[in-house]
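Student:
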Amino acid sequence: MIGMDVPGKADALGLGWVYMAPKEGRPGIIQKTGGGGGFITYMAMIPQKNIGAFVVVTRSPLTRFKNMSDGINDLVTELSGNKPLVIPAS
C-alpha cells in the first residue's frame with residue numbers, strides 16, 4: 000500500500016481507511032487522511048478505547064503533514080493510556 004502510508008505504515012486498508020497495527024508500545028490505530036479546497040485533514044482513532052481525534056488545517060507551502068499526523072497519533076496513544084516506547088538516539 001505504498002503512497003497511503005504517510006502518517007505510518009499501513010497494515011490494512013478498507014474504504015480508504017488505514018489500519019496501523021500495534022507497534023513499539025503504540026496501540027492499533029485506524030486513520031484517514033483527506034483534503035481539498037485548500038485544507039488537509041487527518042483523523043486517528045482507537046475504537047476499542049472510544050478515543051479519536053480529527054484535525055483540519057489550512058494547506059500552505061509550509062504545511063508539514065507528517066508532523067501533524069505524528070502528533071495526532073501520539074495524542075490518541077497518550078489518551079489511551081498506552082504510551083509509545085521512546086528509543087534513545089544512539
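Per numbering that gives the first Met the number 0, the sequence shown starts with residue 0, numbered consecutively.
Backbone N, C-alpha and C define an ideal beta-carbon position, used for all residues, glycine too.
Just so we're clear, the structure is a prediction, and the values are computed from it rather than from any experiment.
Taking the alpha-carbon positions, what's the TYR41 to ALA88 distance?
Tutor: Residue numbering aside, residue 41 sits at position 42 when the sequence shown is read from its first letter. Residue numbering aside, residue 88 sits at position 89 when the sequence shown is read from its first letter. For TYR41 and ALA88, the distance between alpha carbons rounds to 28 angstroms.
Student: Would SER68 and ILE50 qualify as a contact pair, given that the criterion is a beta-carbon distance under 7 angstroms?
Tutor: By one-based count along the sequence shown, residue 68 stands at place 69. By one-based count along the sequence shown, residue 50 stands at place 51. Cβ atoms of SER68 and ILE50: not closer than 7 angstroms.
Student: At the level of alpha carbons, what is the spacing between MET19 and ASN72?
Tutor: As a working note, residue 19 is residue 20 in the sequence shown. As a working note, residue 72 is residue 73 in the sequence shown. Near 10 angstroms, if we compare the C-alpha coordinates of ASN72 and MET19.
Student: If you measure between the beta carbons of ILE39 and VAL17, is that distance less than 7 angstroms?
Tutor: For this step, residue 39 is matched to residue 40 along the sequence shown. For this step, residue 17 is matched to residue 18 along the sequence shown. No; because the gap between Cβ atoms is not below 7 angstroms, this pair is not in contact.
Student: Roughly how many angstroms lie between the CA atoms of PRO6 and LYS31, to the nearest whole one?
Tutor: Along the sequence shown, read from residue 1 onward, the residue named residue 6 stands at position 7. Along the sequence shown, read from residue 1 onward, the residue named residue 31 stands at position 32. When only Cα atoms are considered, PRO6 and LYS31 end up about 9 angstroms apart.
Student: Report all residues from its chain with a CB closer than 8 angstroms to the CB of GLY37; omit the five preceding and five following residues, and keep chain order.
Tutor: For the purposes of this step, residue 37 is identified with residue 38 of the sequence shown, where counting begins at 1. Within the same chain, GLY37 has close Cβ partners THR57, ARG58.
Student: For a test of the three-state rule: what should DSSP assign to VAL75, helix, strand or coil?
Tutor: On the sequence shown, residue 75 is found 76 positions in, with the first residue counted as 1. Note: VAL75 maps to helix in three-state DSSP.
Student: Between the Cα of ILE45 and the Cα atoms of PRO21, LYS65, GLY33, which residue gives the shortest distance?
Tutor: Your numbering for residue 45 matches position 46 in the sequence shown. The residue with the shortest Cα to Cα distance from ILE45 is PRO21.
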